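Protein chains: 2
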Amino acid sequence: MKYLQIATVIFALFSCNIAFAQTDKVVEDFEPSEVNQQGKEYPQVNSEGRVRVRIEAPQANNVQLDIGAVKYDLTKDEDGVWIGESAPQDEGFHYYQLNIDGASVPDPGTKYFYGASRWGSGIEIPAHDQEFYALKNVPHGQVRELQYYSDVQESMRRCFVYTPPGYEKNVDKRYPVLYLQHGGGENETGWSNQGKVNLIMDNLLAEGEVEPFIIVMDNGSWYRPRGERPAPRDTTQNDERERSWPPKGWADGFMNVLLKDIIPMIDSKFRTIPNQENRAMAGLSMGGMQTRIITLNNPDVFSHVGMFSGGSISVEDVENAPDFKENVKLVFISYGSRELENPRRGPWGDPKENTKALKEYGMNTHFYVSPETAHEWQSWRRGFYQFAPLLFDE
Amino acid sequence: MKYLQIATVIFALFSCNIAFAQTDKVVEDFEPSEVNQQGKEYPQVNSEGRVRVRIEAPQANNVQLDIGAVKYDLTKDEDGVWIGESAPQDEGFHYYQLNIDGASVPDPGTKYFYGASRWGSGIEIPAHDQEFYALKNVPHGQVRELQYYSDVQESMRRCFVYTPPGYEKNVDKRYPVLYLQHGGGENETGWSNQGKVNLIMDNLLAEGEVEPFIIVMDNGSWYRPRGERPAPRDTTQNDERERSWPPKGWADGFMNVLLKDIIPMIDSKFRTIPNQENRAMAGLSMGGMQTRIITLNNPDVFSHVGMFSGGSISVEDVENAPDFKENVKLVFISYGSRELENPRRGPWGDPKENTKALKEYGMNTHFYVSPETAHEWQSWRRGFYQFAPLLFDE
């Protein structure tokens, strides 16, 4: 009798698991997302990382949730309210949108973030390690919006500058600077809005894990000045542009603004230590690729290099970059683990192998893999969290 | 023959005007709005101030543009693209949204602004006087985002602080401070995002029209702390809450945070001149009403008072506020002209009459009317532009 009971329980548990897998049963413990607008109950997230959205659209024929490159159909109730949820998402921040009868629009329940070349909805899946970027009652730095004139572009530009707590009080202290770049389709707001880099720094500083430094976040998207056209490609020659990727103008344009406008402006407006030893550059995705090109070409300007999901630096790169090996004190490379399962490695070879070879070649390298994340902000938050304590630490 | 020709021309012109009025003909000189997202062609604005929106929604039954409390039907072309325009709008900034088959959503073409208790679309109608808030190549101040702990609320809060150009360089100089509040349904982002108060200040400073001062923009919306309930109203007595408007808790809550948390925090983090003579308060709409109550109750804290479309201060108010007449150096009241045509005067009487009486009573008052604008941001930009040069000018 006892054995029968146990067998029944085991069978019940087994059936339950099967049923779970078959019907894709949703765990009903949804809570409003952390980045919802004040007072908005939807979207919500559950403990599996599913996203549930809700929107009133009584006359609509078809409403979808578009997240992680998958479109999920919502269902309409008798009050004309559409509701539905996604498959489980990775921990951390994700962009998404709604599709209402063919119109792609932001969800009116969320705050908006710039990514995928638009201001759109975002959602935050609570992460097991979210404490490192949580808003806490610790001393906080400031994120400052600056308008400045670019001589290179002959127009106004905008950047954001993080100054660490104490910057205002310690008026005789000067600080190192990190130039930190966003990815393609993002802009100068990304690292503070989605990346929470200011909160990561505040928390690291409160724990004494990092030297205080200034972070400059500018817009690395490069638009060719109006009227300027590329020279026609010479197909009879081994045209450099056919081999170089990314195309030269793509990083050169921002490099020009960075070296001629941004760095001098920052060194004049802030109490920086304006030398190579105390100047770093890092970036994610496109910003990482820009960091690679700009630092390989300017080892007299930058001493610490970080690339998050944006390629790597090979021994060959360094052999072709005079003074890079001697002058650069850190090459930090990171990726999300899912990126390495499904490689997005660019044309520069395997990032882990490259970084290992570069260490054997004699450079100070670090390689970090964010567990169970892809080409997304949780990888970059974690990358920064690993990178920051290695900076300016002499 | 000559007379006949002239008569024909006159008749033609006359017919043309009639036709114009009858068909509400739209002038086809639309241009993308200044606050569109990068690269977005729509929404657009024409020289009449009409707003034209465009959205792809091939399966939709009904799409509307919702602006200025009017809903305009759009029409669909053969490609499933909906397009249409509004009646002419006032100069300046307006909130709006789209309605797609009953769903109220932001227009994916615009940047987003917080108002009407939501992050939503905004549009900028070019104004004849827009130079005063234009982004120019002049020295620029900084707009800083601060996170700080509130002892009153036992939680983190956020504010934005404008520091004038030169604040970083002139490390021995101390500055007066203006506390500047948004309206109902808005938040601490309003005065810089929609109000462009930083650009107005930068331009005024470049022209030498104003003394440099710091501007603190915090969130004046007051939410009762969780678990705290109002005492039951005593209907047998002449309960103060029945007579006072706005309700006491509504302004008292923010007053408490302002006096106990915000002002001490600002005076500790910035090089302020921390005294009454160098501290002003102003606000728009709800923020003006809060300014009225807070400054009437604290004439030892604030010396300059500004209320934009938010009521006025009467002689009776001042007679009931000890030390206000002696201590306060400026009472500035402004409105949009359309607000005075269709009064939104609150329970305190006619603002112009009140302000005139207060001047006769012996106080330094200013009354300003923004031409051909309503309860909207163009009125408040202009109000601030008139108010700022009167501050701290001894």
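For the record, the sequence lines run as chains A and B. Just so we're aligned: 199 in my numbering is position 191 of the first sequence, and the numbers increase by one with no gaps anywhere. Just so we're aligned: 67 in my numbering is position 59 of the second sequence, and the numbers increase by one with no gaps anywhere. We put the beta carbon where it would ideally sit given N, CA and C, even for glycine. If you're wondering where the values come from, they're calculated on a predicted model, not measured in any experiment.
B:Ser293 has its alpha-carbon roughly 21 Å from the corresponding atom of B:Pro307. DSSP places B:Met209 in the helix class (H, G or I) of the three-state scheme. Residue A:Phe310 holds the alpha-carbon nearest to the alpha-carbon of A:Glu334 among A:Lys84, A:Phe310 and A:Asn201. Straight-line measurement puts the Cα of B:His136 at about 44 Å from the Cα of A:Pro40. Secondary structure note for B:Glu368: its alpha helix (DSSP H) is the uninterrupted segment Pro359 to Glu368.
At a cut-off of 8 Å between C-beta atoms, A:Met164 counts as an interface residue with respect to chain B.
Those residues of the segment 167–201 of chain A placed with their C-beta closer than 7 Å to a C-beta in chain B are Glu176 and Val179, ordered along the chain.
In this structure the segment 85–99 of chain A does not touch the segment 136–145 of chain B; the number of beta carbon pairs closer than 8 Å is below three.
Under DSSP, the beta-bridge partners assigned to A:Glu93 are A:Arg60. Ranked by Cα distance from A:Phe332, the first of A:Asn286, A:Leu304, A:Tyr122 and A:Gly100 is A:Leu304. Scanning its chain for C-beta atoms nearer than 8 Å, with the 5 sequence neighbours on each side dropped, one finds around A:Gln155 the residues Met164, Arg165 and Arg166, in chain order. At a cut-off of 8 Å between beta-carbon atoms, A:Leu399 makes no contact with chain B.
Interface flag for B:Ser293 against chain A is unset, since no Cβ pair is found closer than 8 Å. For A:Thr171, the uninterrupted beta strand (DSSP E) run begins and ends at Ser163 to Thr171, by DSSP. For the segment 53–84 of chain B, the residues whose beta carbon sits under 9 Å from a beta carbon of chain A are, in order, Ile63, Glu64, Ala65, Pro66, Gln67, Ala68, Asn69, Asn70 and Val71. Against chain A, the CB of B:Asn145 has a partner CB under 8 Å away; the residue lies at that interface. For A:Leu366, the closest of A:Leu212, A:Val336, A:Glu380 and A:Gly344 by C-alpha to C-alpha distance is A:Val336. For B:Ala124, the number of other beta carbons within 10 angstroms of its own is below 16, and it is reported as exposed. Membership of A:Phe392 in the alpha helix (DSSP H) is indicated by the continuous run Trp385 to Phe395.
Note on geometry: alpha-carbon atoms of A:Pro220 and B:Leu212 lie some 35 Å from one another. Taking each of B:Ala77, B:Asp98, B:Gln67 and B:Gly76 in turn and checking the Cα distance to B:Thr83, the smallest one comes out for B:Gln67.
Here DSSP, grouped into helix, strand and coil, assigns A:Asn107 to strand. Using a Cβ-Cβ cut-off of 7 Å, A:Glu153 is close to Gln150 and Val151 of chain B, given in chain order. A:Tyr103 is outside the set of residues whose beta carbon lies under 8 Å from a beta carbon in chain B.
Excluding its 5 nearest sequence neighbours in each direction, A:Leu398 has C-beta neighbours in its own chain below 7 Å: Leu338, Phe340 and His374, listed in chain order. In the three-state scheme derived from DSSP, where H, G and I count as helix and E and B as strand, A:Tyr122 is classed as strand.
Going by C-alpha positions, A:Asp37 is about 15 Å away from A:Gln97. Annotation: A:Gly47 is outside any alpha helix (DSSP H) and is labelled neither H nor E by DSSP. As a beta-bridge residue in DSSP terms, A:His374 pairs with A:Phe340. With respect to the 8 Å criterion, A:Trp388 and A:Phe316 are classified as neighbours on the basis of their beta carbons. The continuous alpha helix (DSSP H) containing B:Gln298 extends over residues Met294 to Asn305.
With contacts defined as CB atoms closer than 8 Å, B:Val185 and B:Val224 qualify as a contacting pair.
Looking from the CA of B:Ile321, the closest CA among B:Ser129, B:Val53, B:Phe262 and B:Met371 belongs to B:Met371.
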